[in-house]
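Those letters in the sequence shown? Residues -30 to -1, 1 to 185, by mature numbering (1 follows the signal peptide of the UniProt record, and there is no 0).
Here the structure comes first, spelled out in structure tokens, and everything after it is commentary.
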Amino acid sequence: MREMTVIRVMVRHLLISPFLTLAFAFPALAGQLEEAHACVQKADRLARLACFDRVFGTPLLAPSAMTIPRSNQPERWRQAFAQASQDDTAVYRDTGRAAGLLVTVPALGAKPPRPLLVLQCQNNITELSVMLPQALDAERVRVVVGTQGAASWRVRDGGYVVSGGRGLPAIRTVKTMLSEPDVRFNAQQSELDGLVFDLTGFSDAIRPVRSACGW
């Protein structure tokens, strides 16, 4: 639907001039058409739409189910989703005072915005969590991580962060995960149940986190 809107906007812009050749008489319009052509070359759909929005000033559509409200999330949640990879790889970033050191891994097969497996080191404290695009209405959840036994994870930050613990509990869980190619979550809550995270490159990505937090 949004791509059709963008196409209509493009056609409207082209029809403003009686002749397409007039575009070459006006450098601004010619430049705009050239930028639009560059947008077409982008393979990623979201990047392509964002490019058209920038070139033609397309008004944003009404919020959809994929839109994340930007009001109640904690800063570390914002930082994690800002750096999350568009593919399935682990991404490391030093956010400074905002959220410390973060490593994020997006859930496989989930529709964007995807839940994130997040390892954080801030103020010399390690925390492992799953950050959700929508708030979870619970205080604690029973979670089975990979081949480990069931554990109680705490829901923090208004329901957007499901924490597997801080300090030694988090470190023990991560060390167990490092020998696996991926990790699967099982839980009664549908928001968590069945989530799978690809751990390829995870061990390398978390090295700065381990060094900073001393493990």
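Backbone N, C-alpha and C fix where the C-beta goes; we use that ideal spot for every residue, glycine too.
Model, not experiment: these values are computed from the prediction.
Item: Quick one: give me the first and last residue of the alpha helix (DSSP H) that residue 143 is part of.; Value: 138 to 147
Item: Mapping the DSSP letters down to three states, classify residue 173 as helix, strand or coil.; Value: helix
Item: Report the rounded CA-to-CA distance for residue 142 versus residue 117, giving the unit in angstroms.; Value: 13 Å
Item: With C-beta atoms as the reference, is residue 76 less than 7 Å away from residue 54?; Value: yes
Item: Mapping DSSP to helix, strand and coil, what is residue 181?; Value: helix
Item: Look at the Cβ atom of residue 66, then the Cβ atom of residue 92, and state whether they are nearer than 7 Å.; Value: no
Item: Do the stretch 84 to 102 and the stretch 118 to 132 make contact, defined as three or more Cβ pairs closer than 8 Å?; Value: yes
Item: Are the Cβ atoms of residue 112 and residue 120 separated by less than 7 Å?; Value: yes
Item: Closer than 8 Å by C-beta to residue 169: which residues in its own chain qualify, once you throw out the five before and the five after it? Chain order, please.; Value: 60, 75, 147, 148, 150, 151, 152 and 153
Item: Can you check which of these residues, 50, 42 and 139, is closest to residue 96 by C-alpha distance?; Value: 139
Item: In whole angstroms, what is the alpha-carbon distance linking residue 136 and residue 98?; Value: 7 Å
Item: As an exercise, report each continuous beta strand (DSSP E) stretch of at least 3 residues that is fully enclosed by the stretch 38 to 89, in chain order.; Value: 61 to 64 and 71 to 76
Item: Which runs of the beta strand (DSSP E) fall wholly inside the stretch 97 to 126 and span at least 3 residues, in chain order?; Value: 110 to 115 and 120 to 126
Item: In angstroms with no decimal places, state the Cα-to-Cα distance between residue 115 and residue 52.; Value: 25 Å
Item: What is the rounded straight-line gap between the Cα of residue 195 and the Cα of residue 122?; Value: An answer regarding residue 195 cannot be provided, because it is not within the stretch -30 to 185 covered by the chain.
Item: Spatial neighbours of residue 42 within its chain, please: C-beta separation below 6 Å, excluding the five flanking residues on both sides.; Value: 128
Item: Report the partner residues of residue 157 according to the DSSP bridge assignment.; Value: 113
Item: Who are residue 163's beta bridge partners in DSSP?; Value: DSSP lists no partner for residue 163.
Item: How many angstroms separate the CA atom of residue 87 from the CA atom of residue 181?; Value: 19 Å
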